[in-house]
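In our numbering, the protein residues as written are 3 to 98.
Cβ coordinates follow ideal geometry from the N, Cα and C atoms, glycine included.
What follows is a short report on a single structure.
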């Protein structure tokens, strides 16, 4: 996916209240760990630093795989740690 397409997808995701992330773990049934990376401004020095958030996402059909770029949305709590659901798989990772 090109940089322009990725930026467009991120803008669309922000407008809809969803987030884009990469699947970090697909070992559990119907659950994925998705890492959402972003940049935040340092409070004292003003430099932008890389941050990340790990979300536990509900994937009912087990359609996402390790390394896929996915779109997730906030939902009601499904379990103690899961309160996000998979909206769609934006880009599949190539099989090795």
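Roughly how many angstroms lie between the CA atoms of residue 47 and residue 74, to the nearest whole one?
32 Å
Nearest to residue 41 by CA position, among 35, 86, 68 and 52, is which residue?
52
Does the Cβ-Cβ distance between residue 57 and residue 36 come in under 8 Å?
yes
Does the Cβ-Cβ distance between residue 1 and residue 70 come in under 8 Å?
Nothing can be reported for residue 1, as the shown portion of the chain is limited to 3 through 98.
Compute every distance between the C-beta of residue 73 and the non-hydrogen atoms of the ligand FAD, then say whether any falls below 7 Å.
No copy of the ligand FAD appears in this structure; indeed no ligand is present at all.
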